[in-house]
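If you count by this note's numbering, then the sequence shown holds residues 753 to 1164, one letter each, in order. One structure below.
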Amino acid sequence: MPKSWFIISLLNFFVAVLMGVLLRLAAIVPVNWNYLFLLHGHSHTALLGWIYQMLYLLLLHNFLPETKRTSPYYSRLFWITQIAVFGMMISFPIQGYALYSIIFSTIHIFCSYFFCSKIWKDLSGNKSYDKILLKIALLFLLLSTFGVWSLGITGAKNAPLYQAAIQFFLHFQFNGWFMFAVLALFVNQYRNFFHTINSRKFHYWVGLLIVGTVFTYGLPLSWYFPHALWLWINDIGLVCQFFAFGSGMLYFLKRSIPSDRKTPLTIRFILLCGFISLLLKILIQLTTFWSEIAASSHYIRNFTIGFIHLIMLGIINSFLFFFAIRFQSFSFLKNRISRIGLYLFLIGFTTTEILLFVQGFYFYIGKGAIPYYNISLFMVSLLLPIGLFLVLIGTLFFRKKHKTNWLYSLPR
């Protein structure tokens, strides 16, 4: 795929990270911008400008033959989608949810429909494990958009139905579309290993993941429609998810991760970050078995922000970086400056997560704010754009050498 697509996606990510730093600046000094508007711009640019666009190009490259993925259709669709992303990047911080931001958001949704329809048709007929996971991911992508369409009929922004619709979109984007797409890419990268697994066991594992994904939507429903039923549904989802990841996915992935001692430290660091984040996600979700913690996961904002970033930056982003390294044409993390940038980024992510969850725990036990919390969070957050800027510079100005990287010869 064109390197320009990757650079554009990285630039989207960089802008989203800058917006995030400005949001944290607003907690320590007076600012002239609307916090909520900028928050919308930050989230939409990160979700749709970075993760969506990266999944777009990674899925095309890994699942379609060259004759299909080089079709002008996909190129035109990418750039139309990017125009929509750029429109949201500008309009949301200026006006929030209003005419222009809604127009660009709607364009993006229709672009995602065209993408789902086209790639579904272009997938070859065999029902391989990776393609099964990809189709599930696409179905979750389509399902998530129903949350957006229902916003207009759910009443005022503070109405429970309105908030539940937003959570519907976010839940099935994060836990459905994004997670299953990453799983599809991972299985695709190591399909020779995964295809030795018994078909019945694989489908049982996938079934548990689907039930876990759907039923854990009960948690956000319990925030806006308090009833024990939603927590019970969430508990069932947690059990399914735990067994799926615990007895299935972690077992498979442990045997498919590159274990060669020659594996570069950078790659080990990325994968370690991804899998530790995944483990933490599972453990944190298990704590919502207790109704008091389930409620605090909503009203203690530090927990909410920390958990969202754990999924996006810890899990999804780590694996997107890993997949991107395998594109020789991307020249990603091939020189010292970009690797230094990566380490700064991951250190910034780790320290901000620690601060967010520790502060959330302090609020939970009634100890109040940590001294100098906001300024500390802002300072360590600066590592994110600084690190990503170095990654961008290293990627843009990398000069190719005639040397084969170990990753390009990994077994598939």
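All C-beta atoms in this analysis are idealised placements derived from N, C-alpha and C, irrespective of residue type, glycine included. It should be emphasised that the depicted structure is a prediction, and the values quoted were computed from it without experimental measurement.
{"Query": "Cβ separation of methionine 840 and serine 857, assumed to be a contact under 8 Å, to the nearest whole Å", "Result": "6 Å"}
{"Query": "Proximity below 8 Å, CB of isoleucine 803 to CB of phenylalanine 930", "Result": "yes"}
{"Query": "Beta-carbon proximity check, glycine 1093 vs leucine 1148, cutoff 8 Å", "Result": "no"}
{"Query": "Distance between alanine 936 and lysine 1090 (C-alpha atoms, nearest Å)", "Result": "The sequence shown places serine at residue 1090, rather than the lysine named in the question. Rounded to the nearest angstrom, the two C-alpha atoms are 27 Å apart."}
{"Query": "Cutoff 8 Å; reference tyrosine 1114; Cβ partners in own chain excluding five residues on either side", "Result": "Gly1120, Ala1121, Ile1122"}
{"Query": "Residues of its chain near aspartate 1012, where Cβ-Cβ distance is below 7 Å and the 5 sequence neighbours each way are ignored", "Result": "Summary for aspartate 1012: the model assigns pLDDT 49, below 50, so the residue's position carries little reliability; its value from the coordinates is reported in the next sentence. Taken in chain order, the list of residues that qualify is empty."}
{"Query": "Tryptophan 757 and leucine 816 closer than 8 Å at C-beta", "Result": "no"}
{"Query": "Chain-order list of residues whose beta-carbon lies under 7 Å from that of threonine 1018 (same chain, five-residue window excluded)", "Result": "Leu1085, Arg1091, Leu1094"}
{"Query": "Serine 1048 beta carbon less than 8 Å from that of phenylalanine 1055", "Result": "yes"}
{"Query": "Inter-residue Cα distance where the pair is tyrosine 976 and glutamine 1037", "Result": "18 Å"}
{"Query": "Helix, strand or coil at arginine 1088 according to DSSP, with G and I counted as helix", "Result": "helix"}
{"Query": "Entirely enclosed beta strand (DSSP E) segments - the region 838-883, minimum 3 residues", "Result": "none"}
{"Query": "Simplified DSSP state of aspartate 1012, which is helix, strand or coil", "Result": "With a pLDDT of 49 at aspartate 1012, under the threshold of 50, the modelled position of that residue is not reliable, and no figure is offered here."}
{"Query": "Stretch-stretch touch, CB-based, cutoff 8 Å, three pairs: the region 830-844 with the region 887-900", "Result": "no"}
{"Query": "Coil, strand or helix - isoleucine 780 by DSSP", "Result": "coil"}
{"Query": "In chain order, each alpha helix (DSSP H) run of at least 4 residues that lies wholly inside the region 897-969", "Result": "912-923, 931-941, 943-946, 951-967"}
{"Query": "Asparagine 1069 to glycine 1026 span [Cα, whole Å]", "Result": "8 Å"}
{"Query": "C-beta contact flag for leucine 1136 and glycine 1100 at 8 Å", "Result": "yes"}
{"Query": "Between the CA atoms of phenylalanine 766 and alanine 917 - distance to the nearest angstrom", "Result": "28 Å"}
{"Query": "Euclidean distance between Cα positions of asparagine 910 and leucine 1030", "Result": "32 Å"}
{"Query": "Boundaries of the alpha helix (DSSP H) in which arginine 1078 is found, first to last residue", "Result": "Careful: arginine 1078 lies outside any alpha helix (DSSP H) and carries neither H nor E."}
{"Query": "Beta-carbon gap between methionine 771 and glycine 801 smaller than 8 Å", "Result": "no"}
{"Query": "Where glycine 1120 sits in the DSSP three-state scheme", "Result": "coil"}
{"Query": "Of the listed residues His955, Ile985, Phe830, Asn986, nearest to alanine 996 (C-alpha basis)", "Result": "His955"}
{"Query": "Phenylalanine 997 in three-state terms, based on DSSP", "Result": "helix"}
{"Query": "CB-CB length for leucine 885 against valine 939, believed under 8 Å", "Result": "6 Å"}
{"Query": "Inter-residue Cα distance where the pair is tyrosine 852 and threonine 833", "Result": "15 Å"}
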